[in-house]
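Remarks on the structure that follows.
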Amino acid sequence: HRCVTAFDKAAQMFGDDHAWPCWAFSNHDVIRHMSRFLPKVAGRTGLAKLAASLLLSLRGSICLYQGEELGLTEADIAYEDLTDPAAIAFWPDYKGRDGCRTPYPWDDAAPNAGFSHANRTWLPIPAEHSGNAASMQAGRDSSVLEHYRAFLHWRKSQPELVTGGLSFLEAGKQVLAFERHLDGRRMLCVFNLSDKAAKWMVPEGASPVFLPAPGASGTLTGKAVSLPPLGFFFAHAG
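According to this note's numbering, the residues represented by the sequence shown are 1044 to 1281, in order.
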């Protein structure tokens, strides 16, 4: 909330009404967001789906870093395997960026997880990553990979999510809620950021949207939406 609001204020300060942000949770220079967020909540798959749904609902261009669509966490790289000069120089106080730069795990049954035919890749591939390889998740409706695929496909059909404006709604500390709006269309986006169930009162006239993306969706009863831990809810606002 603070980050998005700060960007909007900065854009207004410079008189740019058409400023367009670019958002990312992970990249090749920071610890993977799954490892940064996991200590605060329980439930790896649920967290990965929540993070994807939230990120892909923000106003702006979205950057997805390789491996986050598999729910990968930061790799633990031994000192002798390091390649990052800064990590080698400041080990163990600073472990560097190699933990987020390991090869992509395509196939759990192939050497080097299907990334390379070489005897050895420039960084090792953790067994945990191989166990979450694309081959293990493709076609499994409950997987993180299929959630990303389905959500991205659905997002393309919702103009307000692609180019619309964004307005935050009051929702307390546990829940994040905002509206995306464009040419009279309004999409309500609600996220439970904790691993405890939550309830939130929706605006009058909200109509739930069926998400093709498998995940922990909330349910609407009257004006109250019940959100499971790390759950999310989308509705056309009245």
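In this text, a Cβ means the ideal position worked out from N, Cα and C, and glycines have one as well.
query = Out of curiosity, what's the CA-to-CA distance linking LEU1270 and ASP1124?
reply = Whole-angstrom Cα-Cα distance: 43 Å.
inquiry  = If distances are taken between C-alpha atoms only, which option among PHE1276, VAL1073, LYS1239 comes closest to PRO1251?
reply    = Checked all of PHE1276, VAL1073, LYS1239; the closest Cα to PRO1251 is PHE1276.
query = Are the beta-carbon atoms belonging to ALA1085 and GLY1114 less than 8 Å from one another?
reply = No; because the gap between Cβ atoms is not below 8 Å, this pair is not in contact.
query = At a cut of 8 Å, does the segment 1201-1212 reach the segment 1170-1186 through at least three beta carbon pairs?
reply = Output reads no: the segment 1170-1186 does not touch the segment 1201-1212.
For CYS1232, the first and last residue of its enclosing beta strand (DSSP E) = Here the beta strand (DSSP E) through CYS1232 covers 1228-1235.
message = Buried or exposed for TRP1243, going by 16 or more other Cβ atoms inside 10 Å?
response = Of the residues assessed, TRP1243 falls on the buried side of the cut-off, its CB having 16 or more other CB atoms within 10 angstroms.
request  = Would you mind working out which of PRO1135, THR1262, VAL1233, GLY1248 sits nearest ALA1094, comparing C-alpha positions?
outcome  = Closest by alpha carbon: VAL1233.
key: Short Cβ contact (8 Å threshold) for LEU1273 with GLY1110   = In this structure, GLY1110 does not lie closer than 8 Å to LEU1273 by Cβ.
message = Rounded to whole angstroms, what is the Cα-Cα separation between ARG1140 and VAL1073?
response = ARG1140 and VAL1073: Cα-Cα distance of roughly 6 Å.
request  = Starting from the C-beta of ASP1151, find all residues in its chain whose C-beta is less than 6 Å away, skip the five residues before and the five after it, and write them out in chain order.
outcome  = Cβ neighbours of ASP1151 beyond the five flanking positions: SER1173, ALA1176, SER1178, MET1179.
query = At which residues does the alpha helix (DSSP H) containing LYS1052 begin and terminate?
reply = Taken as a continuous stretch (DSSP letters only), the alpha helix (DSSP H) holding LYS1052 covers 1045-1056.
ask   = Between the beta-carbon of PHE1221 and the beta-carbon of SER1210, is there less than 8 Å?
value = In this structure, SER1210 lies closer than 8 Å to PHE1221 by Cβ.
ask   = Is GLU1247 near the ligand GTP, in the sense that its beta carbon is under 7 Å from a heavy atom of that ligand?
value = Within the structure as shown, the ligand GTP is missing, as the structure has no ligands at all.
key: Local Cβ density within 10 Å of GLU1171, reported as buried at 16 or more and exposed below that   = GLU1171 should be labelled exposed.
query = Does DSSP put LYS1083 in a helix, a strand or coil?
reply = The DSSP-derived three-state label of LYS1083 is helix.
request  = Kindly indicate which residue of ARG1045, GLY1157, HIS1044, THR1126 has the alpha-carbon position closest to the one of CYS1143.
outcome  = Out of ARG1045, GLY1157, HIS1044, THR1126, THR1126 has the C-alpha closest to the C-alpha of CYS1143.
task = Please determine, among VAL1187, THR1145, LEU1212, ASN1235, the residue with the shortest C-alpha to C-alpha distance to HIS1071.
result = With distances taken between CA atoms, HIS1071 lies nearest to THR1145 out of VAL1187, THR1145, LEU1212, ASN1235.
ask   = DSSP beta-bridge partners for GLY1208?
value = BP columns for GLY1208 point to HIS1224.
task = Might you give, ordered along the chain, the residues of its own chain that have their beta carbon closer than 7 Å to the beta carbon of ARG1079, omitting 5 neighbours on each side?
result = Nothing meets the Cβ criterion.
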